[in-house]
Amino acid sequence: MSKQALIDYTLHLADNTLILAQRNSEWTGHGPILEQDIALSNIALDLLGQARLYYQYAARLIGNGATEDSLAYLRDSWDFKNCLLVELDKGDWAKTILRQFFFSAYQWCLYQQLQNSKDEELAGIAVKALKEVAYHLRWSGEWVIRLGDGTAESHRRIQYALQDLWPYTGELISAAGYEQTLAAEGVIFVPSSFKDEWLAKVNGVMAEATLTLPANNWMQSGGKEGKHTEHLGYVLAEMQYLQRTYPGNEW
Amino acid sequence: MSVIDTISTERLWSVLAEVYDPEVPVLSVVDLGIVRDLKLDGRKVEVIITPTYSGCPAMQAIEWDIRTRLLMEGFDRTDIKITTVLSPAWTTDWMSAEGREKLKAYGIAPPGPTASVCDTRMFAQDEAVQCPRCGSYNTTMVSRFGSTACKAFYTCGDCKEPFDHFKCH
Numbered sequence: 001m002s003k004q005a006l007i008d009y010t011l012h013l014a015d016n017t018l019i020l021a022q023r024n025s026e027w028t029g030h031g032p033i034l035e036q037d038i039a040l041s042n043i044a045l046d047l048l049g050q051a052r053l054y055y056q057y058a059a060r061l062i063g064n065g066a067t068e069d070s071l072a073y074l075r076d077s078w079d080f081k082n083c084l085l086v087e088l089d090k091g092d093w094a095k096t097i098l099r100q101f102f103f104s105a106y107q108w109c110l111y112q113q114l115q116n117s118k119d120e121e122l123a124g125i126a127v128k129a130l131k132e133v134a135y136h137l138r139w140s141g142e143w144v145i146r147l148g149d150g151t152a153e154s155h156r157r158i159q160y161a162l163q164d165l166w167p168y169t170g171e172l173i174s175a176a177g178y179e180q181t182l183a184a185e186g187v188i189f190v191p192s193s194f195k196d197e198w199l200a201k202v203n204g205v206m207a208e209a210t211l212t213l214p215a216n217n218w219m220q221s222g223g224k225e226g227k228h229t230e231h232l233g234y235v236l237a238e239m240q241y242l243q244r245t246y247p248g249n250e251w
Numbered sequence: 252m253s254v255i256d257t258i259s260t261e262r263l264w265s266v267l268a269e270v271y272d273p274e275v276p277v278l279s280v281v282d283l284g285i286v287r288d289l290k291l292d293g294r295k296v297e298v299i300i301t302p303t304y305s306g307c308p309a310m311q312a313i314e315w316d317i318r319t320r321l322l323m324e325g326f327d328r329t330d331i332k333i334t335t336v337l338s339p340a341w342t343t344d345w346m347s348a349e350g351r352e353k354l355k356a357y358g359i360a361p362p363g364p365t366a367s368v369c370d371t372r373m374f375a376q377d378e379a380v381q382c383p384r385c386g387s388y389n390t391t392m393v394s395r396f397g398s399t400a401c402k403a404f405y406t407c408g409d410c411k412e413p414f415d416h417f418k419c420h
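These protein sequences, in sequence, are chains A and B.
The working numbering numbers the first residue of the first sequence as 1 and each following residue consecutively.
The working numbering numbers the first residue of the second sequence as 252 and each following residue consecutively.
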């Protein structure tokens, strides 16, 4: 098995969950209703837990003194392999829950495949995370429907968010070089293999939410290969400044 | 000769039954099914645990508490090993019947008897949850996420009290 491809892929999975956990955490203490503030914070916590498991695995694969902390706090933006979708600013509640829905539907499809991977560690993490993702998918999908099929204002806001976010969804179902390598070796499937399932879930919820998918099908990409938007810079600056200012500090 | 030289695995299991979940201090790590196995080799002990939720912050505290309890029992620091395994994945199925009763007595509605991954159909009807205080099934879910990631928040239509429900996982 190509070790570098496995390392890159594991980091990609870890970066996805870490960056989204950070974005969701921005709502902690600022949610529109207390119960939803708590719900989103709990989702962020689940994602962070997944991130830790992936970083710990990646650190073991890399060796050379790498730790979950060095990987999370000391890499630069061009080393991060998260999809662009997760680094975007949180926007309003509509944008946040719509982004979560797109991502949770993607994780649901991806983890269903990964739980059968011949890489035992990736499979183990996927089995665990799948149960949590089920709750994330329900929570975010139901919110999309409430807002879409809600008031004139909620509908306007989430339709706007849909225009905004749709160009970033293509990257979820396109393969980076390391994904192609691992697929060729039979460790994973290429993401396009669950494109239909993902689309079916999305279309189902969009219909119930009375939302219209944008006509324009131009898709952004690059995140999986380390080419990021300016948004990632802000996330990393806030997340990493303490470790970078006082290297090696501990509680 | 140290007391450790004659300790039995049965004794070790009952020692671990005294390590409680920091969030729900009536449940032990054995009730929860977090401790998967114990390996005793002379004076060396290995405890194999599995995490509940990926991000559960209590797992670190639980690991420290297990270590402390074993040190108190007389094991040497360097002879204690705690290994985390991910597979098979923890499920609420592993919670003992006793554990479920303790949860209920504490005021938390226990998970259903058969673990079911959350139905992903939007607005699907969930199984009715029984109020741990008055026993009524006239309950409503307020939020799918409660005071911790593993619990959902409910309110009872009869006795009007709110309560947490340990989610099926």
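In this text, a Cβ means the ideal position worked out from N, Cα and C, and glycines have one as well.
Between the Cα of residue i and the Cα atoms of the options, which residue gives the shortest distance?
i: A/Ile188; options: A/His30, A/Leu85, A/Tyr55 and A/Glu120; result: A/Glu120
i: A/Gln220; options: A/Asp164, A/Asn203, A/Met206 and A/Thr210; result: A/Asp164
i: B/Ser265; options: B/Ala403, B/Val280 and B/Ser305; result: B/Val280
i: A/Gly186; options: A/Gly124, A/Lys118, A/Asn249 and A/Tyr168; result: A/Lys118
i: B/Thr329; options: B/Lys418, B/Phe374, B/Lys355 and B/Lys295; result: B/Lys295
i: B/Thr406; options: B/Ile359, B/Asp288, B/Lys353 and B/Phe374; result: B/Ile359
i: B/Leu263; options: B/Val380, B/Phe326, B/Cys307 and B/Gly350; result: B/Phe326
i: A/Gln22; options: A/Asp46, A/Ala59 and A/Met1; result: A/Asp46
i: B/Glu412; options: B/Arg287, B/Cys385, B/Tyr357 and B/Asp256; result: B/Cys385
i: B/Thr303; options: A/Leu61, A/Cys83, A/Thr245 and A/Lys128; result: A/Lys128
i: A/Leu130; options: A/Glu153, A/Ser104, A/Ala14 and A/Asn249; result: A/Ser104
i: A/Glu197; options: A/Gln107, A/Leu71 and A/Arg60; result: A/Gln107
i: A/Phe80; options: A/Thr10, A/Ile173 and A/Leu48; result: A/Thr10
Counting only Cβ pairs nearer than 7 angstroms, list the residues of chain B close to residue i.
i: A/Asn42; result: Phe396 and Ala400
i: A/Glu35; result: Val393, Ser394 and Phe404
i: A/Val205; result: Met373
i: A/Gly31; result: None at all; the shortest Cβ gap to chain B is about 11 angstroms.
In whole angstroms, give me the CA-to-CA distance for residue i and residue j.
i: A/Ile33; j: A/Val133; result: 22 angstroms
i: A/Glu179; j: B/Pro339; result: 26 angstroms
i: A/Tyr160; j: B/Thr399; result: 32 angstroms
i: A/Gly223; j: A/Leu20; result: 13 angstroms
i: A/Gln36; j: B/Ser259; result: 48 angstroms
i: A/Thr17; j: A/Asn216; result: 28 angstroms
i: B/Asp409; j: A/Leu137; result: 31 angstroms
i: A/Leu40; j: B/Val393; result: 14 angstroms
i: A/Tyr241; j: A/Tyr73; result: 8 angstroms
i: A/Thr28; j: A/Ala94; result: 16 angstroms
i: A/Asn82; j: B/Gly293; result: 47 angstroms
i: A/Thr181; j: A/Glu142; result: 36 angstroms
i: A/Glu171; j: A/Trp218; result: 11 angstroms
What is the DSSP secondary structure of residue i, counted as helix, strand or coil?
i: B/Lys295; result: strand
i: B/Arg372; result: coil
i: A/Arg181; result: Rather than Arg, the amino acid found at residue 181 of chain A in this sequence is Thr. The answer is helix: DSSP assigns A/Thr181 an H, G or I state.
i: A/His155; result: helix
i: A/Cys109; result: helix
i: A/Ala72; result: helix
i: B/Asp316; result: helix
i: B/Tyr304; result: coil
i: A/Leu84; result: helix
i: A/Val202; result: helix
i: B/Arg384; result: coil
i: B/Thr343; result: helix
i: B/Lys353; result: helix
i: A/Thr67; result: coil
i: B/Ser279; result: strand
i: A/Ala215; result: coil
i: B/Ala309; result: helix
i: A/Ala175; result: coil
i: A/Asp164; result: helix
i: A/Asp79; result: helix
i: B/Thr406; result: strand
Could you give the residue range of the alpha helix (DSSP H) that holds residue i?
i: A/His136; result: Glu120 to Gly148
i: A/Phe194; result: Taken as a continuous stretch (DSSP letters only), A/Phe194 belongs to no alpha helix (DSSP H), as it is neither H nor E.
i: A/His12; result: Lys3 to Ser25
i: A/His231; result: Glu230 to Thr245
i: B/Arg262; result: Thr260 to Leu267
From which residue to which residue does the beta strand (DSSP E) around residue i run?
i: B/Met392; result: Thr390 to Ser394
i: A/Tyr54; result: Note, A/Tyr54: premise wrong, no beta strand (DSSP E); alpha helix (DSSP H) at Leu34 to Ile62.
i: B/Lys411; result: Neither: B/Lys411 is in no beta strand (DSSP E) and is coded neither H nor E.
i: B/Lys332; result: Ile331 to Thr335
Note down, in chain order, every chain B residue with its Cβ under 8 angstroms from the Cβ of residue i.
i: A/Lys81; result: In chain order: nothing, as chain B lies at least about 20 angstroms away.
i: A/Gln252; result: Lying outside 1 to 251, the shown extent of chain A, residue 252 of chain A is not represented and no answer is given.
Interface residues of chain B around residue i at Cβ under 9 angstroms?
i: A/Asp127; result: Rather than Asp, the amino acid found at residue 127 of chain A in this sequence is Val. Result: Leu337, Ser338, Pro339 and Ala340.
i: A/Ile38; result: Ser394, Phe396, Gly397, Ser398 and Phe404
i: A/Arg138; result: Cys369, Asp370, Thr371, Arg372, Met373, Phe374, Ala375 and Arg395
i: A/Gly148; result: Those within 9 angstroms of A/Gly148 in chain B number zero; the least Cβ separation is about 11 angstroms.
i: A/Gly124; result: Val336, Leu337, Ser338, Pro339 and Ala340
Residue i touches chain A at which residues, Cβ-Cβ below 9 angstroms?
i: B/His416; result: Correct list: empty, because the minimum Cβ distance to chain A is about 13 angstroms.
i: B/Met346; result: Those do not exist, as B/Met346 stays about 14 angstroms from chain A at its closest Cβ, beyond 9 angstroms.
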